[in-house]
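Residue numbers (the numbering used here): 1 to 203.
For each residue, glycine too, the CB sits at the ideal point set by N, CA and C.
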Amino acid sequence: MKRRLNVNWFGISFGVLMLILPFAGYWWRAEVGNGAASLSISPFNFDVNVVGVQIQSTLVYYILLFTRISFLIAGIFAILGSLFADRWWAGKLIKFGVMKPFWSVITLIVVLVAGTFFVNMALPGIVFGIVKELPSQISLRVPFLSGTSESVITVEDTTVRTTMSVGFQTPFVLAIVTAALGILTRIYQRRFAKEEPPRHKKG
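Given below as structure tokens:
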């Protein structure tokens, strides 16, 4: 009699998306002016470009590389655990990274909101403290998460107006889908939950 194959299909779908997500592209992008400066970020990539010059950091590169590798490993573990969902070790493999996309999405949103508050509320005051000897006026209006706005910087008789466009990219939608599948995978896996078999002690 053939053994019935118990598969967590949510987990397999989740695992496949986890293998795709690190290479899907940036999750969020901000652009100042007509391409004068841009910022593109995701948990796996970070790109800062100012007037055509790309700013790089070796430390950031290795941190993001580690994140990418951890997502790939989590994807492989999720597929293996979901293919053999009724084995006692399946839950351990799935739990390794099943919530990574969810927390990555939440973290990105929190960082963006906090960063926007800082730029809009605190940064002008910091700049005023540095150049307080010059008659200046700074009105920064960075959109929250997504949108377009205009900022005005006035120093003496010179006024500079620039637009800023920010918004989530298509890979962020993929990240949300992956996060949702991760939650469903974790919930569905409970029906296959088994305890680890007892280890026999040697006499």
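Note on residue 82: 16 or more other CB atoms within 10 angstroms of its CB, so buried under the neighbour-count rule.
When the Cα atoms are used, residue 190 and residue 66 turn out to be separated by approximately 29 Å. The shortest CA-to-CA distance from residue 27 to any of 45, 64, 119 and 20 is the one to 45. Here residue 24 has 171 and 174 as same chain residues with Cβ atoms under 6 Å from its own Cβ, once five neighbours each way along the sequence are excluded.
For residue 161, the enclosing beta strand (DSSP E) has its first and last residue at 158–168.
With a minimum length of 4 residues, the unbroken runs of alpha helix (DSSP H) contained wholly in the stretch 55–133 fall at 58–83, 90–95, 100–117 and 123–130. Distance check between residue 79 and each of 139, 90 and 69 places 90 closest, using alpha-carbon atoms only. A distance below 6 Å between beta-carbons, with the five flanking residues on each side excluded, links residue 17 to the following residues of its chain, in chain order: 178. Within the same chain, Cβ atoms closer than 6 Å to the Cβ of residue 144 are found at 116, the five residues on either side in sequence being excluded. The bridge partners DSSP lists for residue 39 are 30 and 48. Considering only 158, 36 and 164, the residue with the shortest C-alpha distance to residue 146 is 164. The beta carbon of residue 101 sits closer than 6 Å to the beta carbons of 175, 178, 179 and 182 from its chain, once the five residues preceding and following it are set aside; these are given in chain order. Only exposed fits residue 118, as fewer than 16 other CB atoms lie within 10 angstroms of its CB. For residue 72 and residue 50, the gap between their C-alpha atoms comes out near 31 Å.
Between the beta-carbon of residue 154 and that of residue 32 there is about 17 Å, and that puts the pair past the 8 Å contact cut.
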